[in-house]
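Residue numbers (full-length UniProt numbering): 1 to 179.
Think of the CB as a built atom: it goes at the ideal place given N, C-alpha and C, for glycine as much as any other residue.
Since we're looking at a predicted model, the values are computed, not measured.
Have a look at the structure below, then the notes.
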Amino acid sequence: MDFTNRNIPKWVEILLGVVFIIFGILAFNRPGQTLGFLILWFGFLAIFRGVAMCINTLMYGREAGSGSVLINLLMAVLDFLIGWLLVTNLYGSFVFVGIVFAVWFIIDSVTNIVNIQRHKGKNIFWKILLFIFDLICLAIGVMLLFNPVVGAMTLPILIGIYAIVFGIMSIMLAFRHTA
């Protein structure tokens, strides 16, 4: 959202801010339900995308995408199946989301550790500090890999923090526009 646009009435920005703050508080208070909602939402989106891609490929052939018809149909079926799995197996989806977070943390941390030497011009203190933080993130990633549900449960908290900060910024900017 472009907060520099003065054409937005201040009450809209205030309302938006309040809605985001409420959503953020709900995400904190009910992280399981928030994550369940997000998984269902993405599941239905994947199903819709799979069906739409299949119809589009069958109707328009090669013009429907950048690849062959067979690859487009395989991707459509894969999208549909992933969506179906997300919607019909909520607990398994919690674990899947947690594993994705764990693998992401591990890959990102290892990449950063390998690339620390490339930080030219940085003094040794910052390189050591970066190395320590990356080791911590790597350890967290490994721990999450062994307990992926914990990793999945952090997602609603991060979303809650973002929503509350965004809501406060929206309200502050609404009042700034009136000054």
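Problem set entry | Host alpha helix (DSSP H) of Arg49 (start-end) | Looking at the DSSP string, the run of the alpha helix (DSSP H) that includes Arg49 is Pro31 to Tyr60.
For this session: Counting only runs of 4+ residues fully inside the stretch 69 to 100, write out the alpha helix (DSSP H) ranges in chain order.
Result: The stretch 69 to 100 is shown to contain whole alpha helix (DSSP H) runs of 4 or more residues at 69 to 88, in chain order.
For this session: Return the first residue and the last residue of the alpha helix (DSSP H) that Ile136 is part of.
Result: Looking at the DSSP string, the run of the alpha helix (DSSP H) that includes Ile136 is Ile124 to Phe146.
Exercise. Taking just the CA atoms, how far does Phe96 sit from Asn29?
Worked result: Roughly 23 Å separates the two Cα atoms.
Exercise. Taking the Cβ atom as the reference point for each residue, do Ala27 and Gly160 lie within a distance shorter than 8 Å?
Worked result: In this structure, the beta-carbon distance from Ala27 to Gly160 falls below 8 Å.
Exercise. Buried or exposed: Ala174, going by 16 or more other Cβ atoms within 10 Å of its Cβ?
Worked result: It counts as buried.
For this session: Please report the Cβ distance between Ala52 and Phe101, rounded to the nearest whole angstrom; I am assuming they are in contact, meaning their Cβ atoms lie under 8 Å.
Result: The C-beta separation of Ala52 from Phe101 comes to about 28 Å, leaving the pair out of contact by the 8 Å criterion.
Problem set entry | Whole-angstrom distance between Pro156 and Val165, CA atom to CA atom | Approximately 14 Å, taken between the alpha carbons.
Exercise. Anyone know if the C-beta pair for Leu40 and Val87 falls short of 8 Å?
Worked result: The answer is yes: Cβ separation under 8 Å.
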